[in-house]
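Below: one structure, written as structure tokens.
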Amino acid sequence: MKNTMRKASIVVISFVVVAFGQPAWVPWLGLVAAVCGYALLWRSLSSVGSKKRRFFVASSWFCCVQLIQLSWMTSIEYVGGGLIVAYLLLSIMMGLQFGVVSFFVEIDKKVRTFLIVPALWVLMEWMRLFLFSGFTFNPVGLSFAGSIYPLQMASLFGVYGLSFVVIATNILVFFSISAPKKILSWAIVGIFVVTPFIFGFFHLNDGSDGDDAVSVVLVQTALTPEEKYGLCRGDGVSLSPYDQWLYILSYLEDSGVDDADFIIFPENTVPLGVSVPAYRYDEVVESLRIFFGDAIFAALPPLSEPYYYEGGRLVSNSFWAQSLANVFGADVIVGLEDVEGYDVYTSAVVFVPGGASFRRYDKRILLPMGEYIPFTFLESLARRFGVEGSFSRGVSGRVFDHDVMPYSVSICYEETFGNIIRQDRRDGAKLLINITNDVWYPNSRLRLQHFHHGRLRSVENGVPLVRACNTGVTGVVDNAGRVQDTFGEGRYGEEWRRGALVVSVPISSYDTLYSRYGDWLIVVVSFIMLCVGMLGIAYRKSG
């Protein structure tokens with residue numbers, strides 16, 4: 082009885098360590114999870130004779146871990162109860178993956194276990210990139226984000242490389258606690274544990290940082306869906322697009338900034354798209370004059386499309402944005418929808434000082450059911466939650482020229498995909514910009530998890546990151562993943578704060594091993610290890 086209670090206690094302790102050992106929950110606990118969180122579970126299961134029972138317990142354990150880490154998906158105020166089904170299915174699916182991996186954890190087959198388990202887990206995490214739009218949340222390696230030092234390992238092999246190190250370390254700890262008197266075994270564990278910290282220490286002190294910086298203004302609008310879109314839905318709680326722009330102008334005025342290199346707004350900053358003639362010309366000009374004085378008259382865009390529509394003397398969202406680009410002498414990046422023929426895109430629209438038109442990046446990673454309907458038989462279900470059709474998918478990334486640092490833009494969930502951000506880096510981007518709207522999951526941990534994925538992209542590619550959110554973590558991260566500044570210091574509830582954050586972004590960047598070779602390096606190594614381990618099993622059975 083005592084032995085059973087002890088094993089149950091270890092299972093519970095390992096669950097708490099792993100479930101809450103994430104930078105969005107308890108950062109330091111993530112380091113404990115990276116060393117022994119999984120090893121404790123495997124040790125408690127090692128005496129269970131039935132492999133089916135071990136599979137069931139391991140699967141259930143990790144499913145419950147995901148129910149904690151994905152709990153933001155229970156915030157269904159705006160997305161509807163159907164998301165709970167996806168929440169449960171994803172948690173079960175990831176639990177089953179862990180159960181399959183744990184099936185190969187055997188104390189008396191050390192070499193085979195060490196070859197197969199880390200490799201198989203990495204390949205399973207990587208394969209999730211190809212599930213519908215891809216599901217990138219909660220790689221095991223994210224636990225290393227609890228400290229800036231081991232996080233630097235992502236510059237070598239990316240987040241999946243971090244996952245490999247975490248699982249491999251836990252396997253070694255599992256072996257060591259199963260045979261505690263073997264000094265050599267613990268020495269090897271010590272090497273695995275300290276190496277990421279030693280690498281990170283020297284990596285952060287190699288003198289690659291510079292003193293030059295660019296000035297960036299990040300605008301956080303913090304509008305609820307009712308405030309932003311309520312006028313169209315007729316529910317009585319709304320701000321007109323015109324009033325939303327007036328608030329934006331007041332945020333810029335309160336910031337005290339006179340000029341900047343970039344002014345960045347969040348995803349879907351205001352309704353009505355890029356070129357819809359929706360505002361009276363004279364009212365918009367007068368509003369701009371109130372905030373910027375008579376100097377605005379020299380900064381107004383040309384009286385032609387897509388800014389101005391002669392027949393009705395109306396202007397579009399483009400008119401507002403181009404005016405700001407001209408008056409501040411800054412690249413203005415605005416999240417807006419745009420239409421081409423029958424295609425509707427969620428876009429990041431770029432206005433440069435003195436420009437006669439705009440440039441555009443179209444979102445490539447669309448969320449199933451929220452932004453596109455993957456199967457026609459789901460259309461009726463989608464309409465029940467207000468989704469009437471699908472956005473069109475962008476075809477490629479885009480790097481925008483700039484005098485100081487070329488930059489690329491990702492939109493919301495896209496920044497969690499290391500492979501597409503790495504391609505932008507390969508195409509010449511020296512600054513990563515993300516525009517996000519996490520308001521669909523209010524008062525949850527999503528904004529923090531999302532932010533820490535963005536930090537990983539900076540480390541992987543050796544470039545700084547800036548983020549502008551409607552709600553989320555608005556701020557700047559340097560090329561090593563160090564947080565330079567955030568709006569409201571990222572505290573709980575600060576995602577609802579409105580205003581503008583003026584930051585200086587270091588322009589230093591450098592090539593990394595990951596930016597050169599991407600995920601393929603760790604994927605190929607894992608595949609080879611898995612093949613060798615499985616061939617060993619086949620050979621043993623044939624003999």
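When the letters of the sequence shown are read in order and numbered with our numbering, they come out as residues 82 to 624. Glycine included, C-beta positions come from ideal geometry on N, C-alpha and C. Remember, predicted model here, so these are calculated numbers, not experimental data.
So residue i is in the alpha helix (DSSP H); what residue range does that whole segment cover?
| i | result |
| --- | --- |
| C550 | Here C550 belongs to no alpha helix (DSSP H); instead the beta strand (DSSP E) covers 546-550. |
| L369 | 362-373 |
| I157 | Unbroken run through I157: none, as it is neither H nor E. |
| G111 | 108-113 |
| W153 | From DSSP, W153 is part of no alpha helix (DSSP H); its letter is neither H nor E. |
| W619 | Reading off the sequence, residue 619 comes out as Ala, not Trp. Counting along the chain, the alpha helix (DSSP H) containing A619 begins and ends at 601-623. |
| S128 | First-last for S128: undefined, no H or E at that position. |
| F179 | 163-183 |
| R394 | Element bounds for R394: n/a, residue is neither H nor E. |
| S69 | Shown here, the chain extends from 82 to 624; a query on residue 69 therefore has no answer. |
In the DSSP assignment, the beta strand (DSSP E) including residue i goes from what residue to what residue?
| i | result |
| --- | --- |
| A294 | 294-301 |
| V246 | Taken as a continuous stretch (DSSP letters only), V246 belongs to no beta strand (DSSP E), being part of the alpha helix (DSSP H) at 235-259. |
| F343 | 343-345 |
| D566 | 564-567 |
| D324 | D324 -> not in any beta strand (DSSP E); alpha helix (DSSP H) instead, spanning 322-336. |
| A581 | 580-587 |
| E421 | 412-421 |
| G281 | Looking at the DSSP string, G281 is not in any beta strand (DSSP E); the run it does join, the alpha helix (DSSP H), is 264-285. |
| N102 | Correcting the residue identity first, residue 102 is Gly in this sequence and not Asn. Neither: G102 is in no beta strand (DSSP E) and is coded neither H nor E. |
| Y488 | 488-492 |
| V408 | Careful: V408 lies outside any beta strand (DSSP E), inside the alpha helix (DSSP H) at 398-409. |
| G556 | 556-558 |
Would you mind giving the Cβ-Cβ distance between residue i and residue j, rounded to the nearest angstrom? I have them listed as a contact below 8 angstroms.
| i | j | result |
| --- | --- | --- |
| E158 | P449 | Their Cβ separation, rounded to whole angstroms, is 20 angstroms, which puts E158 and P449 out of contact at 8 angstroms. |
| Q500 | G599 | With the sequence shown as reference, residue 500 is identified as Asn, and Gln is not the correct amino acid for it. Correct: roughly 6 angstroms between the Cβ atoms. |
| V586 | V557 | 5 angstroms |
| S125 | V92 | 5 angstroms |
| A510 | A411 | Not a contact, Cβ separation roughly 18 angstroms. |
| E386 | S356 | 7 angstroms |
| T593 | N542 | 6 angstroms |
| S183 | F136 | 7 angstroms |
| G393 | E348 | Not a contact, Cβ separation roughly 29 angstroms. |
Which residues in the same chain have their Cβ closer than 6 angstroms to the Cβ of residue i, if we skip the five residues on either side of it in sequence?
| i | result |
| --- | --- |
| D508 | V480 |
| G475 | D443, K444, R445 |
| L164 | M154, I157 |
| T552 | A303, D519, V520, E576 |
| G467 | Note that G467 has pLDDT 49, beneath the 50 cutoff, so the model's placement of it is unreliable and the number below is only indicative. Within the same chain, G467 has no close Cβ partners at all. |
| S90 | none |
| N251 | Y119, A120 |
| S525 | W153, S156 |
| F458 | Residue placement at F458 is flagged as unreliable, the pLDDT there being 42, under the threshold of 50; the coordinate-derived value follows with that caveat. No residues qualify anywhere along the chain. |
| Q325 | V351 |
| V413 | I344, A402, L405, A406, F432 |
Which word fits residue i, buried or exposed, when buried means at least 16 other C-beta atoms lie within 10 angstroms of its C-beta?
| i | result |
| --- | --- |
| R314 | Any reading at R314 is ruled out, since the residue's pLDDT is 44, under 50, leaving its predicted position unreliable. |
| I492 | buried |
| I272 | exposed |
| L651 | Outside the shown range of the chain (82 to 624) lies residue 651, about which nothing can therefore be said. |
| N286 | exposed |
| P383 | exposed |
| G239 | buried |
| L616 | exposed |
| Q435 | Per the sequence shown, the amino acid found at residue 435 is Gly instead of Gln. Result: exposed. |
| A376 | exposed |
| Y620 | exposed |
| V99 | buried |
| G180 | buried |
| E391 | exposed |
| V275 | exposed |
| V544 | buried |
| D424 | exposed |
| F213 | exposed |
| W202 | buried |
| I248 | buried |
I'd like the list of long-range same chain contacts for residue i, defined as Cβ closer than 7 angstroms, with 5 residues on each side in sequence excluded.
| i | result |
| --- | --- |
| G102 | L110, G111, V113, A114, G118, S224 |
| F372 | L330, E334 |
| L312 | Any reading at L312 needs caution, since the residue's pLDDT is 42, under 50, leaving its predicted position unreliable; the model's value is listed next. Hits under 7 angstroms: S319, S321. |
| I258 | A120, R124 |
Please work out which residues of its chain come closer than 8 angstroms, Cβ to Cβ, to residue i, disregarding the five sequence neighbours upstream and downstream, and give them in chain order.
| i | result |
| --- | --- |
| G337 | V583 |
| M610 | L196, I197, P199, A200 |
| S477 | R445 |
| D566 | G556, V557, L582, V584 |
State yes or no: is the beta carbon of residue i nearer than 8 angstroms to at least one beta carbon in chain C?
| i | result |
| --- | --- |
| Y389 | As a matter of chain content, chain C is missing from the structure shown, which is built from one protein chain. |
Quick one: does the C-beta of residue i sit closer than 7 angstroms to a heavy atom of the ligand SAM?
| i | result |
| --- | --- |
| L212 | The ligand SAM is absent from the structure shown, which contains no ligand whatsoever. |
- Task: With a floor of 3 residues, list each beta strand (DSSP E) that falls wholly inside the stretch 426-450, ordered by position along the chain.
- Result: DSSP runs (the beta strand (DSSP E)) wholly in the stretch 426-450: 440-443.
- Item | Every unbroken alpha helix (DSSP H) inside the stretch 507-554 [4 residues or more] | Counting whole runs of 4 or more residues, the stretch 507-554 contains the alpha helix (DSSP H) stretches 527-542.
- Item | Segments assigned alpha helix (DSSP H), at least 4 residues, entirely inside the stretch 194-233 | Entirely contained in the stretch 194-233, the alpha helix (DSSP H) runs reaching 4 residues are, in chain order, 229-232.
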